Amino acid sequence: MDVLEKLKAKLKDINVRAGKIRELPVDERAEFGKKINAEREAVLAEIADAERKMLDTEVEPIDVTAWSGVNEKLPEFYSVEMGSKHPLMTELDRVVDIYQMMGFDVVESRQLDDEYHMFDSLNFAKEHPARDGYDTFRTEEGLIPPAHTSTMQHRVLKAYKSRLDEGKAIAVVVPGRVFRNEDVDATHEHTFYQCEGVYVSETCTMGDMLGILREFFEKYYEQKLNIRTQPGYFPFTEPSLEFLIEKPKTLGGKKGDFLEMLGCGMIHPNVLKMAGIDPTKYHGFAWGGGIDRLVMLRYGLNDVRDFESGNLNFLREF
Amino acid sequence: MKISLNWLKKYVTIPAEVSNEDLIRLIGARLVEVEGVIDETHKYDNIYVVKVEKAEKIPETHLTLCQVNDGGAESIQVVCGAPNVREGMLAAWIKPGAIVPASVNEDAPFVIGKRKMLGKYESNGMLAGADELDFGDDHSGIVEIDPEMAKPGDLLADIFELNDLILEIENKSLTHRPDCFGIIGFSREVHGILEISEPFPFVRGLELEKSHTLDSRENRPTGEPLGVVKNIDFSNSNLKIILTKENGSDICQRYTAVVLEKHGELKKKYLTWQDTILSKSGMKPISPIVDATNYLMLLTGQPLHAFDYDKFIAVGKSETPIIKVRLAKNGEKLTLLDDTEIELNENDIVITSNDVPVALAGAMGGKSTEITEDTKNIILESATFSLYNLRKTQMSHGIFTEAITRFTKGQPPYQTLDVALSCAGMLSDGFEVTSLADEYPNPEKDIVVKITTVEINALLGTSYNDELIARTLKNVGFKVDQDGDSLVVTAPKWRTDIHIMEDIIEEVGRLLGYDNIIPTLPLHLSAEKNKLFEIKRMIRNELASLGANEVLTYSFVSERLLEKADLDIRNSYKIVNSISPDLQLVRQSLIPSLLDKTYINEKLPVDEFAIFEMNKVYQKAWGLNDEKVPVERNELGFIVAERKNDETAFYKAKKYVKKLFDEFNIAVTFSPLKNNEVISKPFETKRAAEIRLRDDPEVLVGVVGEFKNSVRNDFKLAKYLAGFEINLDIVLEKYGKTKILRFGKRKYEDLTVTTSKTYDETLAEVEEKYPDAIIHPLSIYQAEGQDTKNISFRIESISK
Numbered sequence: 001m002d003v004l005e006k007l008k009a010k011l012k013d014i015n016v017r018a019g020k021i022r023e024l025p026v027d028e029r030a031e032f033g034k035k036i037n038a039e040r041e042a043v044l045a046e047i048a049d050a051e052r053k054m055l056d057t058e059v060e061p062i063d064v065t066a067w068s069g070v071n072e073k074l075p076e077f078y079s080v081e082m083g084s085k086h087p088l089m090t091e092l093d094r095v096v097d098i099y100q101m102m103g104f105d106v107v108e109s110r111q112l113d114d115e116y117h118m119f120d121s122l123n124f125a126k127e128h129p130a131r132d133g134y135d136t137f138r139t140e141e142g143l144i145p146p147a148h149t150s151t152m153q154h155r156v157l158k159a160y161k162s163r164l165d166e167g168k169a170i171a172v173v174v175p176g177r178v179f180r181n182e183d184v185d186a187t188h189e190h191t192f193y194q195c196e197g198v199y200v201s202e203t204c205t206m207g208d209m210l211g212i213l214r215e216f217f218e219k220y221y222e223q224k225l226n227i228r229t230q231p232g233y234f235p236f237t238e239p240s241l242e243f244l245i246e247k248p249k250t251l252g253g254k255k256g257d258f259l260e261m262l263g264c265g266m267i268h269p270n271v272l273k274m275a276g277i278d279p280t281k282y283h284g285f286a287w288g289g290g291i292d293r294l295v296m297l298r299y300g301l302n303d304v305r306d307f308e309s310g311n312l313n314f315l316r317e318f
Numbered sequence: 001m002k003i004s005l006n007w008l009k010k011y012v013t014i015p016a017e018v019s020n021e022d023l024i025r026l027i028g029a030r031l032v033e034v035e036g037v038i039d040e041t042h043k044y045d046n047i048y049v050v051k052v053e054k055a056e057k058i059p060e061t062h063l064t065l066c067q068v069n070d071g072g073a074e075s076i077q078v079v080c081g082a083p084n085v086r087e088g089m090l091a092a093w094i095k096p097g098a099i100v101p102a103s104v105n106e107d108a109p110f111v112i113g114k115r116k117m118l119g120k121y122e123s124n125g126m127l128a129g130a131d132e133l134d135f136g137d138d139h140s141g142i143v144e145i146d147p148e149m150a151k152p153g154d155l156l157a158d159i160f161e162l163n164d165l166i167l168e169i170e171n172k173s174l175t176h177r178p179d180c181f182g183i184i185g186f187s188r189e190v191h192g193i194l195e196i197s198e199p200f201p202f203v204r205g206l207e208l209e210k211s212h213t214l215d216s217r218e219n220r221p222t223g224e225p226l227g228v229v230k231n232i233d234f235s236n237s238n239l240k241i242i243l244t245k246e247n248g249s250d251i252c253q254r255y256t257a258v259v260l261e262k263h264g265e266l267k268k269k270y271l272t273w274q275d276t277i278l279s280k281s282g283m284k285p286i287s288p289i290v291d292a293t294n295y296l297m298l299l300t301g302q303p304l305h306a307f308d309y310d311k312f313i314a315v316g317k318s319e320t321p322i323i324k325v326r327l328a329k330n331g332e333k334l335t336l337l338d339d340t341e342i343e344l345n346e347n348d349i350v351i352t353s354n355d356v357p358v359a360l361a362g363a364m365g366g367k368s369t370e371i372t373e374d375t376k377n378i379i380l381e382s383a384t385f386s387l388y389n390l391r392k393t394q395m396s397h398g399i400f401t402e403a404i405t406r407f408t409k410g411q412p413p414y415q416t417l418d419v420a421l422s423c424a425g426m427l428s429d430g431f432e433v434t435s436l437a438d439e440y441p442n443p444e445k446d447i448v449v450k451i452t453t454v455e456i457n458a459l460l461g462t463s464y465n466d467e468l469i470a471r472t473l474k475n476v477g478f479k480v481d482q483d484g485d486s487l488v489v490t491a492p493k494w495r496t497d498i499h500i501m502e503d504i505i506e507e508v509g510r511l512l513g514y515d516n517i518i519p520t521l522p523l524h525l526s527a528e529k530n531k532l533f534e535i536k537r538m539i540r541n542e543l544a545s546l547g548a549n550e551v552l553t554y555s556f557v558s559e560r561l562l563e564k565a566d567l568d569i570r571n572s573y574k575i576v577n578s579i580s581p582d583l584q585l586v587r588q589s590l591i592p593s594l595l596d597k598t599y600i601n602e603k604l605p606v607d608e609f610a611i612f613e614m615n616k617v618y619q620k621a622w623g624l625n626d627e628k629v630p631v632e633r634n635e636l637g638f639i640v641a642e643r644k645n646d647e648t649a650f651y652k653a654k655k656y657v658k659k660l661f662d663e664f665n666i667a668v669t670f671s672p673l674k675n676n677e678v679i680s681k682p683f684e685t686k687r688a689a690e691i692r693l694r695d696d697p698e699v700l701v702g703v704v705g706e707f708k709n710s711v712r713n714d715f716k717l718a719k720y721l722a723g724f725e726i727n728l729d730i731v732l733e734k735y736g737k738t739k740i741l742r743f744g745k746r747k748y749e750d751l752t753v754t755t756s757k758t759y760d761e762t763l764a765e766v767e768e769k770y771p772d773a774i775i776h777p778l779s780i781y782q783a784e785g786q787d788t789k790n791i792s793f794r795i796e797s798i799s800k
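Residue numbers (my numbering), protein chains in the order written: chain A, 1 to 318; chain B, 1 to 800.
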C-alpha cells in the first residue's frame with residue numbers, strides 16, 4: 001500500500017470512530033468531538049501534502065541542454081508589438097539621463113536599511129516626533145524598508161568625500177524604491193519611487209539649488225516652467241523648503257495651479273559633520289521627490305495603483 | 001490645524017493693499033504649507049438676528065408658535081420645537097431658501113423652506129440651534145444672542161464675523177515651530193512677512209506693572225482683553241509642586257498651578273465669539289471651563305488642564321494639594337476622562353496627587369479628578385513636558401488630542417503663568433483665584449547666535465545688507481545688535497527652534513522670500529555612468545523588443561505566496577507593522593511575485609505573454625554586510641506563459657535567457673538542475689537548468705526552467721509555463737568584455753546525427769569536427785518506438 005492509500009484508510013477509520021459519538025455519555029461528547037476533529041485535520045493535511053508530492057513525481061524529464069523539444073519546432077520570440085517597458089522605469093531612466101547630463105553621478109538606493117541611515121545620520125534626534133512623519137515599516141530586527149531615498153545621503157557623502165579634497169563638488173542623484181505604511185488609494189501607494197539629489201562644494205548656494213531644480217524640471221517636461229517654493233521642515237536640511245512648479249498648460253494646467261514636486265534644502269551642518277565633512281568649509285544642498293507623480297502628470301494617469309498591478313491591459317500601452 | 005483668517009486679522013493689521021489671496025499666498029511662500037482654503041464666505045448667508053415677540057405653546061405638542069421680528073414692519077410666524085424659546089429673546093433665524101450651515105458640505109445641503117406644521121400652522125424658516133449653525137453638537141435648544149451685541153435684522157455673519165476663509169495648515173511643516181500652533185504666534189510671523197512693525201499681541205493674566213511675558217519689544221499697548229486677575233499674593237500659596245528629574249534632565253520644565261474658588265454661577269447664556277472660534281478651528285464648545293482652556297490653547301499654543309480641587313485632595317488624602325510630576329511605574333493603572341483604563345509604562349509622565357496618578361501628562365486628564373457641574377473649586381494646570389516622553393506616550397496609548405499635538409512640538413515654558421491667569425480671568429464671573437504656585441527651576445538662557453551678512457549671503461546666494469537683515473529679524477521678535485562685522489542675534493523666548501547659524505539664515509531667507517532668490521547654475525561637471533542602470537536599461541530594451549512586458553511588483557509578500565513557491569518563510573525578514581498579512585515578508589526571490597501576476601493575466605485573459613521584473617531581493621541566510629545592513633542582491637525574474645500550448649515551455653524561456661547572455665557577452669552553460677539553492681526551489685529539477693559561467697563553473701548565475709507541478713497547481717496556472725531568475729550583480733561584474741568580431745564569407749551546411757546522447761554531448765562531437773564554425777541547433781526528431789533521436793545542426797563556416 002502506498003502512503004496515500006494508507007492515509008486514506010486512516011481517514012476512513014477516523015470517520016467511523018467519529019460516527020460513534022452518539023454512543024458516548026453527553027458530557028463526554030464535546031471533548032471527544034474536539035479530539036477526533038483535530039485528528040481528522042492532521043490527516044487531511046498529510047493527504048494534501050502527499051498529493052502535492054505525487055504531482056511532482058510523475059514528471060517527464062527533458063534534455064535541458066537542447067534548444068527545442070523532441071519533435072517540436074525551435075521556439076520563437078514574441079513579436080515586438082507585444083512588448084512593453086514599465087513607464088516608471090523608462091521615466092526613471094529619463095530622470096537619471098537628465099541629471100547625468102547635468103553632471104550628476106547615480107547611486108541606487110537600498111530597499112532594506114537601518115535606523116542609523118534612515119534617521120540618526122540625518123540629524124533626527126532620538127525619539128524625536130519628526131520620525132513619526134515618515135510612517136516607516138520595521139522588521140523584527142528593527143531594520144527599516146526606507147521611507148525616503150535620503151537613507152543613502154550619509155553613504156553618498158562618505159563615499160564621495162574625496163572629491164572635495166580634489167577641489168571638485170559632490171554631485172550625486174539616488175533613485176530608488178521607498179515604502180510608507182499608508183492606506184492605498186488612487187493617489188497613495190505604500191510602495192513608490194523617489195529620486196534624491198545631493199550637492200556639496202565650497203561655494204554652492206541656495207540659488208544654485210533652485211537653478212538646478214528648475215533646469216531639471218524644464219528638461220523633463222521639455223518646456224519653460226514657473227517655479228515657486230514654500231517653507232518646509234526636515235531635520236536634515238536647514239533651511240528646508242518645498243519646491244513647486246506651475247502645472248504646464250500642455251498637461252492641462254491652469255494659471256496659478258502649482259504642484260508640490262519635492263522637498264529640498266541646504267544640508268544641515270550636523271549631517272555633513274557626521275559624514276566627516278567640515279561644515280565651516282563646505283556646504284551643500286539636497287532634495288528628494290516622488291517619481292510616480294512626475295510620471296502620472298506626464299502621461300495624465302490618475303491611479304497610482306496601476307503601476308504595481310502587473311496588469312498587461314495597462315502595461316502594454318507603454 | 002485650521003486658521004480663521006478673520007481671527008488672525010484681530011492680531012495683525014493687514015494693509016489694505018494686501019488682498020486675502022495675496023496674504024494666503026505669502027503665508028504659503030514664507031511660513032507654512034497651506035494645504036487648502038475652506039471658503040465660508042457664504043456659509044451663513046440669509047441668517048438673521050430676530051426678536052421673539054410672541055411665543056405660544058401649541059397644545060399637546062412640544063412645539064411653540066412664535067412671531068418673530070427681523071427688523072421689518074411685519075412679524076414672521078415660525079414654529080419652533082426648542083424648549084428654551086421664550087418671548088423677548090434674540091435668536092438666529094434661518095430664512096426660507098437659506099441653507100442650514102451644518103449641511104453645507106453634504107451632498108445635498110439642507111435648504112430651509114416654508115411649510116405647514118400639523119396641517120394648519122405656517123412656519124417660515126427656522127430658529128436655529130448651535131448644532132444647525134455648525135457650532136458644536138448642542139441640540140438642547142436654540143441659540144440665544146446677546147442683546148448688547150446685536151439687534152433684530154442684523155446678519156448673524158456680521159455679528160460674529162462668520163464670512164471667513166479658513167486655512168488648512170499642514171502640521172508637519174511646523175514640526176519645529178510650537179509657537180505657531182497658537183493664533184498669536186502665527187500672527188507674529190505675519191507681522192514679519194508683511195514687515196509690519198506694530199507691537200505683537202500677547203496674553204497677560206496679571207494686572208501688574210510689568211508683564212511676566214518676556215518680550216523683546218517694549219511697551220506694548222495691545223493685549224488680549226480676556227478679563228484680568230487682581231491682587232495675587234504669591235507668598236500665600238497652599239499649593240505644593242514637586243517636579244522630578246530623569247537622568248538629570250527635566251521631564252517637566254515648568255509647572256504653574258492656579259486654584260480657583262467658586263463664588264458665583266458661570267451661566268452659559270449667549271452664543272459667544274469663543275464658540276465660533278472653537279468651531280472654526282475644528283473644536284467644539286463643551287462647557288465654560290473646558291471652552292476657556294481650549295480657546296486659550298488655540299490662542300497661545302499652550303494647553304491647559306483643569307482638575308476638580310476637592311477630588312484632587314481626596315485622591316491624594318492630603319489637606320492641601322501636593323502636585324508631584326513624575327514618571328509612571330510600569331504596570332501602574334489610570335482611568336482616563338474617556339473612561340478607558342490604561343496601563344502606564346515608565347516613559348509616561350504622570351501628574352500625581354500626593355503620588356497617586358491623576359492625569360497622563362500632556363495627553364489626557366484622569367476620571368478621578370474630572371470637572372463636573374458640581375465642581376466647586378478648580379486647580380488649573382499650565383505646564384510644559386518633555387516632548388520625547390510625550391511622543392512615546394502618544395504612540396503607546398494612541399492618544400492624538402489637540403493638546404498632545406502641541407506638546408510634542410515642544411511648547412516653550414515662558415508663558416505658562418500668563419496663560420493660566422488669563423484663563424482665570426476668563427472664568428472670573430464664577431471663580432476667583434485663591435492660590436497660585438509656579439515651579440520653574442531651570443529657566444532657559446537666552447539663545448544668542450553670532451552671524452555675518454557674508455555668511456548669510458554665501459549660503460542663500462543673495463546680496464542682502466546688514467540693515468535689511470536686522471530689520472527682517474526684528475520684525476519677528478529677534479533682538480539684533482551689531483558687533484563689528486557680526487550681527488549678534490538673540491532669539492525671542494518663544495523660539496525654541498533656534499540653535500545655530502543656519503537657523504538664522506533660514507529666518508532671513510524665508511521671511512524675505514525664497515522666491516526672491518535668483519536661480520543660478522553651478523559649474524558643469526562630468527559624471528560617471530552607473531553600470532547597473534546601463535545593464536538594466538539594456539535588458540529592458542532587449543526584452544521589450546522581443547515582445548516581453550516589464551512589470552513591477554511589491555517588495556513585500558505573504559507567507560502563503562512563499563509557501564506556494566516552496567520557499568522557506570523563515571529566510572525572509574518579517575515586517576512587524578505590515579499593512580496586511582499579504583505584505584508581511586521581504587521577498588527572497590522575484591519568481592513568486594511574478595507567478596502571482598501570471599495568474600492575474602491568464603485570468604484577464606491574455607493568451608500568451610512573457611513578463612519580467614528587475615528588482616532587489618533579500619535573504620536572511622545572506623547575513624549582513626560591512627555596514628551591518630542586510631546583503632542585497634539585484635535580480636532579473638522572467639516568466640513565459642501561454643494558456644493553449646502543448647509544447648515544452650522550457651525551451652522558450654531558455655531562448656530568452658540565452659539571448660540576454662549573448663548580449664551581455666558572457667559565456668554560460670546550461671546543466672541539469674540540482675535542487676540545493678534557494679533560487680532553485682520552485683523549479684522542477686527534471687525540467688530546469690542551472691546557468692553557470694563557462695569560465696568559472698563554480699558561479700551559479702541563475703536558473704531557467706519549468707516549475708514543479710505542485711507550484712504550478714498552487715498558483716492555478718496553465719501548463720505552458722517556464723521562467724528564469726538571474727543574479728544581476730554577477731552580470732554586472734562580468735559584463736563589458738569586448739565581443740570578438742568575426743568577418744568573412746559565410747557558408748552554411750546542415751548536419752543530422754542519429755544518437756541516444758544528449759544535445760550537448762552530441763554538440764561537443766560536432767564541434768570537434770568543425771572547430772572554427774558556429775553551430776546552430778535545427779531540430780530534434782524521434783520516431784515513435786525508437787530509442788535514438790535525429791539531432792540536426794546548421795554549421796556556419798567563416799572563410800577569410
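All residues carry an ideal CB built from backbone N, CA and C; glycine is no exception. Note that this is a predicted model, so its numbers are computed, not measured.
Residue j beta carbon less than 7 Å from that of residue i
i, j, result
"VAL52/B", "MET1/B", "no"
"GLN153/A", "VAL198/A", "yes"
"GLU663/B", "GLU725/B", "no"
Test: residue i CB closer than 7 Å to a CB of chain A
i, result
"ASN727/B", "no"
"ASP515/B", "yes"
"PHE385/B", "no"
"TYR781/B", "yes"
"ASP646/B", "no"
"ARG254/B", "no"
Per DSSP, cross-strand counterpart(s) of residue i
i, result
"HIS776/B", "ARG794/B"
"MET614/B", "LEU636/B"
"ALA286/A", "VAL198/A, GLY265/A"
"THR256/B", "SER382/B, ASP438/B"
Within-7 Å CB hit, residue i to chain B
i, result
"THR65/A", "yes"
"SER79/A", "yes"
"LYS85/A", "yes"
Own chain, CB closer than 7 Å to residue i, minus 5 neighbours either side, in chain order
i, result
"ASN645/B", "TYR720"
Assigned exposure category for residue i - 16 Cβ within 10 Å defines buried
i, result
"ILE21/A", "exposed"
"THR187/A", "exposed"
"LYS210/B", "The predicted position of LYS210/B is uncertain, since its pLDDT is 37 and thus under 50; no value can be drawn from it."
"PHE400/B", "exposed"
With 7 Å as the limit, tell me which residues of the segment 547–565 of chain B have their beta carbon closer than that to any beta carbon of chain E; keep them in chain order. Here the protein chains are A and B, and chain E is not one of them.
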